[in-house]
Each structure stands twice: as structure tokens, then as C-alpha cells.
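**Q**
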Amino acid sequence: MNARILPYVLILPVTLFLCLFFLYPFILVAQQAFSTGSGFTLDNFRDVTSHWKFPISMKNTLLLAAAVVPIQLALALLMATMVSRMEKGRDLVLYIWTIPLGISDLAAGLIWLAIFEQSGFLNTMMSGLGVVDKPVNLLSYQHPGIVFLAIALAEIWRATAIMLVILVAGIGLIPKEYYEAAEVFGASPWKRFLRITLPMLRPSLQTALVLRVILAFEIFAVVAALGGTLFPVLMGETYAYQFDLLNGGAAAAIALIILAISIGFTLLILRLLRVPKGASI
Amino acid sequence: MTDAVAIDTGADTRKWGKYLYVSSVVLLCAWVIVPIYFLMINTLSSPETVSSFPKPFFPEFDLGSLKFFAGFAGMLTALKNSVLVAGMTMIMSILIGAPAGYALSRFEFRGKGTFRLLILLTRAFPLPLLALPLAVLFIRTGLDDTAFGLALVHTTLALPFAVLITFSLFSGIPIELEEAAWTLGCNRLTAFTKVVLPLILPGITASAIFAFVISWNEVFAAAVLTIENRTLTAFLLQNLDTSPLHLKFAGGFILVVPALIFIFVVRKYLFAMWGIANR
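Printed below as a string of C-alpha cells:
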């Protein structure tokens, strides 16, 4: 087979597969969202957005993303810089820090449930220290702040690793000479971080943020494990519409709303952290 | 890249800085490990201990919770389904993804940039949502509630990663090796199977494992697309409201264990894939 056609033959399977299971369902979900059986309609969207739970779950999802993503970014940057100057034990530390990468959101939720539930480890510690007399049901409607905190902690615990991996890889690509030159001119470590690491890391920061923000809007199982119905989020509502209410059109409508928010934020991040020409995501 | 920062002045500050540095590393390691340790304590305790108060800080190595987990109706089937779906996802994503990775690394062709961008863009997409329309489609085609149907969706999730990882792997092997094989009488195919494949196999295994983990961990699509043939994540999710604590924790632990092993196996490749994907 000649070299002109071969590459196209090789990418054909992926292209076909993604057309069938990515593009086509995407069209279907749009169709489903904009119809209730007879022609084009916005009824599904009206139904969904007028439901009392919608503003709350929208607010919760966005608030959670706003609380979690910046902390994860700071933490991942800190960890990545720490690792980059590590001599001994780098592999071990990196392995430990990337463990959560392989842990599902459901498992992460259950892990933090072990800490926050009524007979859990947090209560054990608190009563051991004499802060409380008897175990408190922390994950209940009386403590919305703690429910939020537990979910946020579980998310930070679980999903910082993906940003860390992207940033460590990105830092590895920065030429060492820049740091050496900066050192010759007497730049402090903090200055070097601000003037070299951060600007050079822009493509990685972009990738990491896009990926993380999108995953943040998809949050589902962590919330299901920790908050249940106490803390409604968009993805959970989608699931509820599909399963408990058997309303596929409404589920599709929320799915499209989540998609729209995700795409909006992706474009925003790409724009804010624009990479000079010649580099892509 | 790990040159020690050499500042001659301020030996005292440096010493304190070092303490601070080491203790933060240790602290961050503890931040990751301690929650998993807590889950392990719960898993290796008897069901009575799990719901008792206060909690012990050491496991009592009682297999009661795990036995209960294994005996819980449907749980072992769910575990089997999880492995089955993840296995199929692994095979499909490599078989479909690796050729594209090879094409990207070896050929210049029209539309290459666009193709790569599209692959990257699929990653910037809440993919599990696509399970919703597929649920309808699968009912029509008889794929509903089957492991294969779910594996197809999980393959969509894992494909972008498979393409990017194999792309970076193939790029790491000099084309000169292949060219040398051609001059020695190999054609494209035999050069690939005799020279490139042996070199690439560990990396391929790593990206296959990565695909396995993606599928193993996926909750939403699994919960939407399966009813009778639940995977472990879907089964646990469905029973969250009703199952006792020790069942939840044992289930969570079973979900975590493969992750620990897999990340250890693929740790070398985690960085290569993102490094290339960044450029």
C-alpha cells in the first residue's frame, strides 16, 4: 500500500468509531432535547429550568467548581515545583501523589464517607480531642456547610493528580538553561517561578484547566456518595430525570445545558491563556 | 533537571527551608494515603466495628465485611461485569487507537492537524452524557444492558487517550530503525512486527491498562446503560441509599485496589503522554 493512502487507512477506524459513538449520539441528544414527540420545541428546556431544583443544582455545580478548581491548580503547581527539584525519592513521591488518578469518583466519595459519616474517623478524632461529646451526624441537612466541605475535599483529594501529571510533564519540557541563566542573574526561586515556570507552562496550564473544569461540571458520584439528595448537582439531576422520572427529553435538555457550560468555559480558558502561535492545546 | 539549589549565604534559612520542604512533601503524601488507609481499616473490620463508635485507628484484620460483600446478591456478577467491560474496552481502544497513533507519528498527511485537534477536542467534552441517547439507540439494536454496548461507550472515553499515548510512544522510536529494517529486506508490515512492536509493547500495555482503569472507574454511563448487567460502580451507586456502611466501604475498597496496582504499573508512562499532548 502506498504511503499516500496508508495514513488515511490507519486513522479510518478511529474516525468511524468516533462518528458513530461521538458525533451521532451528540446529534441524537440535541434532537431529543428539542423535541417532545411533535416537531421542534423548547418545552424540555422550559420544564427543566422551571423546576425548583434547577437553580439550586446549577448554583451548587458552579460553586463547587469555583471552590475546587483554583485550590487544585495552586496545589498541583506547588506539588509539581516540589517534585521538579527533588533528588531522592522522586519516583516514590510521584507515585503516591498520582494514586488518586486511578481512583474512581465513586470510590473517592466512599473514602471520604468513611471519614465524615456519623461513626466515622472525623467524629472519632473530634470526640477524642473533646470537641464533641457524642458523634454528630455531619452529613445531614443541618450542616450544609460541612456537606459542601466534604464534597469539595473529596474532589480536591481525587482530582488534583490529573493536573499534577500534566503540569509535571509541562515543567519537564522547559529548558533547564532558562533557570540557570536566571540563577546567574540572581533571581530568587519565587522570581524564577513567576517569570519562567508560569509563562512557559501556559500550554500545560491550558490543558490542565480545560480538562479539570469540564470534569468539575460532570461531578456526580462523589456527590451521590457523600451528599445524596442534600446537595443536588446538574449531573445528578440528569440521572434523576433519566431514571427516576423516565423523562429522556428533560435529561437530554440538562445534558445540553452542561455541554453548553463546558464549551463556554473551554473557550474562555483557551482565550485567557492564549498560547503564542505554533503551539496547540 | 533536579539540580540542588545552591545558595551560599543564609545557611540557617536554608536549613529551615529544607525542613519546611521535606515536611510539606511528607504532609502531602499523608494527605493522599491516610484517607485510603481509613477505608482499608473499615474494609478489614467486622461489620459491627464498622458501624460502631469510636473507630479504631488500626485494622483488626477481620474478613467479615469482605465476606458479606462477596455474599451480597449480585455483587460478584457486578464485579465480573466490570472486569468484562473493562477488558473489552482495553482491547477495542488499543486496536482502534494504536493505528491512528502510528499514522500521526510516522506520516505527514493533509488533515493531520485537524484530526489531532478533533481527537483533543473529544477530550474536552462531557462524554458520559452521550450515554443518554445511546440508551435509546441500544434498545433498538439489542445492545441495551449488555457488556459490549457499555464497552463501546467506554471505548469512546478511552480512545482519545489511546491515540495520544500511542502517538507519543511511536514518536519515541526513531524511524531510522524501521528504515534500516526495510533496507534489510523487511516490508512495512514485517518491519513493524519485528522491530517496532517488540520495542513498543510495554508502552502499549501501559496504555491498555489506562483504558482498563477508565472503564473500571466510570460510573455515569454504566449506571445509565445497564440494568440487569450492572457493573460494580453502577451496582454500588444504585444501592447507595439502601446498603449498609460495611458493604459500601468494602465495595469502595475493591474499586480502589486495582487502581493502586495499575497506577504503579503505568507510572513511567503517565508523564510521556501528557508531555507530548501539550505541544
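Chains as they are written, first to last, in the numbering used here: chain A, 1 to 281; chain B, 282 to 560.
Even for Gly, the Cβ is constructed at its ideal location relative to N, Cα and C.
What residue range does the alpha helix (DSSP H) around residue 222(A) cover?
**A** Working through the first sequence from its first residue, we reach residue 222(A) at position 222. Residues 221–226.
**Q** Can you have a look at residue 395(B) and say buried or exposed, based on whether 16 or more other CB atoms are within 10 angstroms of its CB?
**A** Residue numbering aside, residue 395(B) sits at position 114 when the second sequence is read from its first letter. By the 10 Å Cβ count, residue 395(B) comes out exposed.
**Q** Is there a Cβ from chain A that is less than 9 Å from the Cβ of residue 336(B)?
**A** Along the second sequence, read from residue 1 onward, the residue named residue 336(B) stands at position 55. Contacts with chain A at 9 Å (Cβ-Cβ) include residue 336(B).
**Q** What residues of chain A sit near residue 511(B), judged by a beta carbon separation below 9 Å?
**A** In the second sequence, residue 511(B) corresponds to position 230, counting from 1. Going along chain A, no residue has its Cβ under 9 Å from residue 511(B), so there is no contact; the nearest lies around 13 Å.
**Q** List the whole-angstrom C-beta distance separating residue 495(B) from residue 13(A), where the pair is believed to meet the contact cut-off of C-beta under 8 Å.
**A** Against the second sequence, residue 495(B) aligns to sequence position 214. Against the first sequence, residue 13(A) aligns to sequence position 13. Not really, about 19 Å apart at Cβ, beyond 8 Å.
**Q** So what does residue 104(A) bridge to, in DSSP terms?
**A** Taking the first residue of the first sequence as position 1, residue 104(A) is located at position 104. According to DSSP, which records beta bridges pairwise, residue 104(A) is partnered with nothing at all.
**Q** If you run the structure through DSSP and keep just helix, strand and coil, what is residue 451(B)?
**A** On the second sequence, residue 451(B) is found 170 positions in, with the first residue counted as 1. Note: residue 451(B) maps to helix in three-state DSSP.
**Q** Under 8 Å by Cβ, that's how I've got residue 440(B) and residue 386(B) pegged, so tell me the actual separation to the nearest angstrom.
**A** In the second sequence, the residue the question calls residue 440(B) occupies position 159. In the second sequence, the residue the question calls residue 386(B) occupies position 105. Residue 440(B) to residue 386(B), Cβ: 16 Å. No contact.
**Q** Output, in chain order, the set of chain A residues within a Cβ distance shorter than 9 Å of residue 543(B).
**A** Here the question's residue 543(B) lines up with position 262 in the second sequence. The answer, in chain order, is 102.
**Q** Measuring only the C-alpha atoms, how far is residue 68(A) from residue 155(A)?
**A** Residue 68(A) sits at position 68 when you count from the first residue of the first sequence. Residue 155(A) sits at position 155 when you count from the first residue of the first sequence. When only Cα atoms are considered, residue 68(A) and residue 155(A) end up about 7 Å apart.
**Q** Residues of chain B with a CB under 8 Å from the CB of residue 61(A): which are they?
**A** Taking the first residue of the first sequence as 1, we reach residue 61(A) at position 61. Here the premise fails: no neighbours, minimum Cβ distance about 12 Å.
**Q** What is the rounded straight-line gap between the Cα of residue 392(B) and the Cα of residue 478(B)?
**A** What you label residue 392(B) is simply residue 111 of the second sequence in a count that begins at 1. What you label residue 478(B) is simply residue 197 of the second sequence in a count that begins at 1. Answer to the nearest angstrom: the Cα atoms are 26 Å apart.
**Q** Going along the region 161–175 of chain A in order, which residues come within less than 7 Å of chain B, judged by CB to CB distance?
**A** Along the region 161–175 of chain A, going in chain order, the ones with a CB nearer than 7 Å to a CB of chain B are 165, 166, 168, 169, 170, 172, 173.
**Q** DSSP beta-bridge partners for residue 35(A)?
**A** The residue given as residue 35(A) occupies position 35 in the first sequence. Its beta-bridge partners are 40(A).
**Q** Determine whether the beta carbon atoms of residue 204(A) and residue 406(B) lie at a separation below 9 Å.
**A** To locate residue 204(A), count along the first sequence from 1; it is residue 204. To locate residue 406(B), count along the second sequence from 1; it is residue 125. Going by C-beta atoms, residue 204(A) is not nearer than 9 Å to residue 406(B).
**Q** In terms of alpha-carbon separation, which member of 397(B), 481(B), 544(B), 500(B) lies closest to residue 456(B)?
**A** Reading the second sequence from its first residue, position 175 is the one you call residue 456(B). Answer by Cα proximity: 481(B).
**Q** When Cβ atoms are compared, which residues of the region 487–503 of chain B fall closer than 8 Å to chain A?
**A** 494, 497, 498, 499, 500, 501
**Q** Along the chain, where does the alpha helix (DSSP H) containing residue 293(B) start, and where does it finish?
**A** The residue you call residue 293(B) lines up with position 12 of the second sequence. Residues 292–324.
**Q** Can you find a CB in chain B that lies within less than 9 Å of the CB of residue 141(A)?
**A** For the purposes of this step, residue 141(A) is taken as the residue at position 141 of the first sequence. Not one chain B Cβ lies under 9 Å of residue 141(A).
**Q** Along the chain, where does the alpha helix (DSSP H) containing residue 336(B) start, and where does it finish?
**A** For this step, residue 336(B) is matched to residue 55 along the second sequence. Unbroken run through residue 336(B): none, as it is neither H nor E.
**Q** Using a Cβ-Cβ cutoff of less than 6 Å, which residues in the same chain neighbour residue 516(B) once the five nearest sequence positions on both sides are dropped?
**A** As a working mapping, residue 516(B) is identified with position 235 in the second sequence. Excluding positions up to five away in sequence, the list reads 359.
**Q** Between residue 458(B) and chain A, is any beta-carbon pair separated by less than 9 Å?
**A** By 1-based counting over the second sequence, the position of residue 458(B) is 177. It does not; no Cβ of chain A falls within 9 Å.
**Q** Rounded to whole angstroms, how far is the Cβ of residue 111(A) from the Cβ of residue 320(B), which I believe are closer than 8 Å?
**A** As a working mapping, residue 111(A) is identified with position 111 in the first sequence. As a working mapping, residue 320(B) is identified with position 39 in the second sequence. Rounded, the Cβ-Cβ distance is 5 Å, consistent with contact.
**Q** Going by DSSP in three states, residue 52(A) sits in which element: helix, strand or coil?
**A** Indexing the first sequence from 1 puts residue 52(A) at position 52. It is coil, neither helix nor strand.
**Q** Is the shortest distance between the beta-carbon of residue 274(A) and the beta-carbons of chain B less than 9 Å?
**A** Here residue 274(A) corresponds to residue number 274 of the first sequence, with the count starting at 1. Answer no: the Cβ-Cβ gap between residue 274(A) and chain B never drops below 9 Å.
**Q** So with CB distances below 7 Å, who are the chain A contacts of residue 328(B)?
**A** Start at 1 with the first residue of the second sequence, and residue 328(B) comes out as number 47. Those within 7 Å of residue 328(B) in chain A number zero; the least Cβ separation is about 12 Å.
**Q** Could you tell me the distance, in whole angstroms, from the CA atom of residue 423(B) to the CA atom of residue 438(B)?
**A** Counting from 1 along the second sequence, the entry for residue 423(B) is found at position 142. Counting from 1 along the second sequence, the entry for residue 438(B) is found at position 157. Here the alpha carbon of residue 423(B) sits roughly 22 Å from the alpha carbon of residue 438(B).
**Q** Taking Cβ-Cβ distances shorter than 7 Å, what residues in chain B pair up with residue 105(A)?
**A** If you number the first sequence from 1, residue 105(A) lands on position 105. Chain B residues near residue 105(A): 500.
**Q** Using 9 Å as the limit for Cβ to Cβ distance, is residue 248(A) near chain B?
**A** If you number the first sequence from 1, residue 248(A) lands on position 248. At a cut-off of 9 Å, the C-beta of residue 248(A) has a neighbouring C-beta in chain B.
**Q** Check the Cβ-Cβ distances between residue 424(B) and every residue of chain A, and say whether any is below 9 Å.
**A** Here residue 424(B) is taken as the residue at index 143 of the second sequence, counted from 1. Chain A, which has no Cβ nearer than 9 Å to the Cβ of residue 424(B), makes this no.
**Q** Check the Cβ of residue 418(B) against every Cβ in chain A and list those closer than 9 Å, keeping chain order.
**A** For this step, residue 418(B) is matched to residue 137 along the second sequence. The answer, in chain order, is 24, 25, 28.
**Q** Strictly below 8 Å CB to CB, what residues from chain B border residue 115(A)?
**A** Counting from 1 along the first sequence, the entry for residue 115(A) is found at position 115. Within chain B, the residues near residue 115(A) are 316, 319.
**Q** I'd like to know whether the C-beta atoms of residue 498(B) and residue 106(A) end up nearer to each other than 9 Å.
**A** The residue you call residue 498(B) lines up with position 217 of the second sequence. The residue you call residue 106(A) lines up with position 106 of the first sequence. Yes, the Cβ-Cβ distance between residue 498(B) and residue 106(A) is below 9 Å.
**Q** Using a Cβ distance threshold of 8 Å, determine whether the region 457–469 of chain B contacts the region 542–552 of chain B, with at least three qualifying pairs required.
**A** no
**Q** Since I believe residue 97(A) is in contact with residue 309(B) (beta carbons under 8 Å), could you give me their beta-carbon distance rounded to a whole number of angstroms?
**A** Position 28 of the second sequence holds residue 309(B). Position 97 of the first sequence holds residue 97(A). About 7 Å separates the two Cβ atoms, so the contact holds.
**Q** With the cut-off set at 9 Å, would you say residue 201(A) and residue 167(A) are in Cβ contact?
**A** Indexing the first sequence from 1 puts residue 201(A) at position 201. Indexing the first sequence from 1 puts residue 167(A) at position 167. It is a contact, given that the beta carbons lie within the stated cut-off.
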